[in-house]
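Protein chains: 2
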Amino acid sequence: MDQIDTQILKQLQHNAKISMKELATTVHLSSPAVIERVKKLEEQGVIEGYHAKVNIKKMERTIQAIILFKSIDCKSLSAFCNAHPDVLECYRVAGEISYIVKLATYSVETLEEFIDAAMPYGTPSTNIVLSSMEKKVITPFTDNNFE
Amino acid sequence: MDQIDTQILKQLQHNAKISMKELATTVHLSSPAVIERVKKLEEQGVIEGYHAKVNIKKMERTIQAIILFKSIDCKSLSAFCNAHPDVLECYRVAGEISYIVKLATYSVETLEEFIDAAMPYGTPSTNIVLSSMEKKVITPFTDNNFE
DNA sequence: CTTGAAAGGATCTAAGG
DNA sequence: CCTTAGATCCTTTCAAG
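Chains as they are written, first to last, in the UniProt record's numbering: chain A, 1 to 147; chain B, 1 to 147.
Structure (structure tokens):
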């Protein structure tokens, strides 16, 4: 993982569909060289996949919430969340809270349904998302100062 | 947005690099038809982009945390978070909490630095991430029962 | 790692239902 | 709005240095 790999990762995070040829010119290498580097990054598991990002609001999911649980039974809550289609992310955490769920749903009614269904697993504190920011490009820590 | 569009979105969320030809066969259409649908989804903003997913742990960022703020000044906190390289996501929320930050950092020392730097903007409650799940494929709400 | 040539696909266009 | 077929273009691959 040198600086060229870092540049490659930045580009692919920004635009997964860039051609290896174009990527090669932006990092000042030949295409075969870039292709080999990308393959290596994939094999090493540094690149986990390539995904289309969809606008969740256009999927009828107009309400987002982050629910904090002081859970009694994290394993069961985790299983419940993994199976629930409205859940986008969930985190088992150590701190004042024990479990955090981010979800996107359709209406206050469906939100209520979720909360009711999740109640048996812990005490929820619901926070409605007003606005948000999600970073698309993540750099290695050592690159923090090389922007 | 019919069921074919939904299938297309599922596929592209799963694998952004699938060729239009292959995508066409999976949804039982011809490639020109699929290409036109994908273009339309892009123009409508349903598809926001195509991004490589990198393994954050392989980026030296071995510690993840979710920090809850009872903030006094959300605007300033937001600006601070947007500019900070360790922040992955942040949310202005309405609830018991006013601001939520997800970050990935290098060490407890760098975590401490972040907390110290963020203190002026509100009272942080730090939760270290033990394990997590992030959904890669999101379906329209109406598709909840069509899996 | 580079270059250049060869091969294999993918996308695009046009014509038609 | 879809399909099929053909042509073009581009990308990747391969071989040699």
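Glycine residues also receive a C-beta, built at the ideal position from the N, C-alpha and C atoms.
When Cβ-Cβ separations below 7 angstroms define contact, Q13 (chain A) makes contact with chain B. With a threshold of 7 angstroms between beta carbons, F114 (chain A) makes no contact with chain B. Residues of chain A whose Cβ lies closer than 9 angstroms to the Cβ of E109 (chain B) do not exist; the shortest such Cβ separation is about 12 angstroms. With contacts defined as CB atoms closer than 7 angstroms, S131 (chain A) and L68 (chain A) fail to qualify as a contacting pair. For the pair A104 (chain A) and I56 (chain A), the CB atoms are nearer than the 7 angstroms cut-off.
In the displayed model, R61 (chain B) falls within coil according to three-state DSSP, outside both helix and strand. Under the three-state reduction of DSSP output, K21 (chain B) falls in the helix class. Taking a beta-carbon distance threshold of 7 angstroms, V129 (chain A) counts as an interface residue toward chain B. With respect to chain B, the C-beta atom of I97 (chain A) has a partner C-beta closer than 7 angstroms. By the neighbour-count criterion, in which a residue is buried when 16 or more other Cβ atoms sit within 10 angstroms of its Cβ, N82 (chain A) is exposed. Contact between the stretch 73-92 of chain A and the stretch 111-124 of chain B is absent: fewer than 3 CB-CB pairs across the two stretches fall below 8 angstroms.
Residues of the same chain with a CB within less than 7 angstroms of the CB of T6 (chain A), apart from the 5 flanking positions on each side, are T139, P140 and D143 in chain order.
Taking a beta-carbon distance threshold of 7 angstroms, S125 (chain B) counts as an interface residue toward chain A. G49 (chain B) belongs to the set of residues whose beta carbon lies under 7 angstroms from a beta carbon in chain A. Per DSSP, the beta bridge partners of H51 (chain B) are A:H51. Flagged as an interface residue toward chain A: M133 (chain B), by a C-beta distance shorter than 7 angstroms. Excluding five sequence positions before and after Q13 (chain A), the CB atoms of its chain that fall closer than 8 angstroms to its own CB belong to K136, V137 and I138, given in chain order.
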